[in-house]
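Shown next, in C-alpha cells, is the structure this report addresses.
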Amino acid sequence: MRIEVRLYATLRRYALSAAEGVFNVDVPEGGKAADVIASLGVNVDEVHILMINGVSSPLDQVLAEGDRLGLFPAIGGG
Amino acid sequence: MAREDSLALLARGEIPERYQRNIGTIGIDGQKRLLKARVAIVGAGGLGGTIIELLARQGVGFMRIIDGDSFTPHNLNRQILATERTMGMNKAAVATARVAKVNSDVETHAVPVMFNEDNAVELLSGMDVIVDALDSINYRLLLCRMAQKLKIPLVHAAIAGFTGQVGTILPTGPGLEKLYKTTISSEKGIETVLGNPAATPALAAAIQAQEVVKVLTGMGETLSHKLLYFDTELNIYELFDLG
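Heads up: the sequence lines are chains A and B, in that order.
The first sequence begins at 37 in this note's numbering and counts up by one.
The second sequence begins at 9 in this note's numbering and counts up by one.
Next up, the structure:
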C-alpha cells in the first residue's frame, strides 16, 4: 500500500524527494508508523509529534492505504 | 483612569474611549470579563513580551508576570521589552513598567524569579488563564502538569526558526506530553539549530493573546484539543487534532 509522508522543519532533511518534505512511500500491509520512520532512516529520538491524517497518534499505529503520516521535531523556543 | 472607573462606565453601557475599538469585536460584556480577569504569564521573553503588550492594550485587568531572567543583547532581535536601556534589567520588572505606561487599568504583579515546582501552586492559584511563554521544554511540561492539576486553562506556544505551534490545554484534555517526549534529555528543541528570529515569536504570541481573549470571553472556538502549526518558510498553516 502507498502512504504520504510529510516531514516538518529539521526532519525535512530525511526526505526521499522534494525539498518541501512531502512524498509517497510504499509500506507492506500491517506496517506501522515506526516501520516507516525506520525505513526512512529518521532518528526516532527526533520525532516528538506524530500525526496520522491530522490526528495525534502513537508510533505503533498500523497504517492504512492513503494515510498521511506527519512527523515533527520538538519546538521549544520562546 | 482606574479599572473600577472603566468597569463602572461599562456597567452603565458606556464605553471608555480607550476600549472603543475593542467593543465591535468582544462587546461590552466581553470587555467587562477581560477587565475582571486574572492571567499568569510565565516567561517575559520573545513570546511573553508581545503577549503582555497585547493583553494590556486589550484590557486584561490583572497580569502576574513571572520571569527570573534579565535582558541580554541576544534578546534584542525579537523581545519587544528588550531595548538598549533595559539591558541587565529583570524581564518581569521591565514588563510591569511597560504595562503601567500603556494601560493604568491593568494591575500587574512582577515575580522576578524562575517558575519551578516549589513556587508553582502559589503563583498559579486563582488565575483564570495561564500562558506558557517559557523556553525550556522541561519547565513547559511542569507548567502543563500544574495547570491541569489546578484546573486552569493553559495557552501554549513555542517557536523555532520559521516554525511555531500554538494550542490551548484544558484541565481534562490532552496535555503537552502529546507534543514533547517526556523522556527528553535536552530541555531545548530545534531552536538551538534554527534560531529565534524577530517575527516568529510575535506571530505565535499574537495567536496566544487571541486565545486568551477567547478563553476569557467564551467567544469563538479555542484551540483546545488542537495544535495550530505554522511554517512561514513554506506557507504552511495546519490545524491538528491532539485527540
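Ideal placement from N, C-alpha and C gives every residue a C-beta, glycine not left out.
- By the 16-neighbour rule on beta-carbons within 10 angstroms, B:Ala206 is exposed.
- According to the DSSP assignment, A:Arg104 belongs to the beta strand (DSSP E) that extends over Arg104 to Phe108.
- Going by DSSP, B:Gly56 is part of the alpha helix (DSSP H) stretching over Gly54 to Gln66.
- The three-state reading of DSSP puts A:Asn60 in strand, counting E and B together.
- Rounded to the nearest whole angstrom, the C-alpha separation of B:Ser78 and B:Gly57 is 13 angstroms.
- Just measuring C-alpha positions, the residue of A:Glu56, A:Tyr50 and A:Glu82 sitting nearest A:Ser75 is A:Tyr50.
- Take the alpha-carbon of B:Ala155 and the one of B:Asn146: they are about 14 angstroms apart.
- The Cβ neighbour count for B:Asp75, taken over all protein chains shown within 10 Å, is at least 16; the residue is labelled buried.
- With fewer than 16 other beta carbons inside 10 angstroms of its own, A:Asp81 counts as exposed.
- Using a Cβ-Cβ cut-off of 7 angstroms, A:Pro109 is close to Gly197 and Ile198 of chain B, given in chain order.
- Non-local C-beta neighbours of A:Ser93 in its own chain, meaning closer than 7 angstroms and more than five positions away in sequence, comprise Ala69, Leu86 and Met87, ordered along the chain.
- Residues of chain B whose Cβ lies closer than 9 angstroms to the Cβ of A:Val91 are, in chain order, Phe248, Asp249, Leu250 and Gly251.
- The shortest CA-to-CA distance from B:Leu235 to any of B:Glu61, B:His164 and B:Lys222 is the one to B:His164.
- B:Asp140 sits away from B:Val47, with the two beta carbons spaced by 8 angstroms or more.
- Taking every protein chain shown into account, the CB of A:Thr46 has 16 or more other CB atoms within 10 angstroms, so this residue is buried.
- Judged by DSSP secondary structure, B:Arg11 falls within the alpha helix (DSSP H) whose first and last residues are Arg11 to Ala19.
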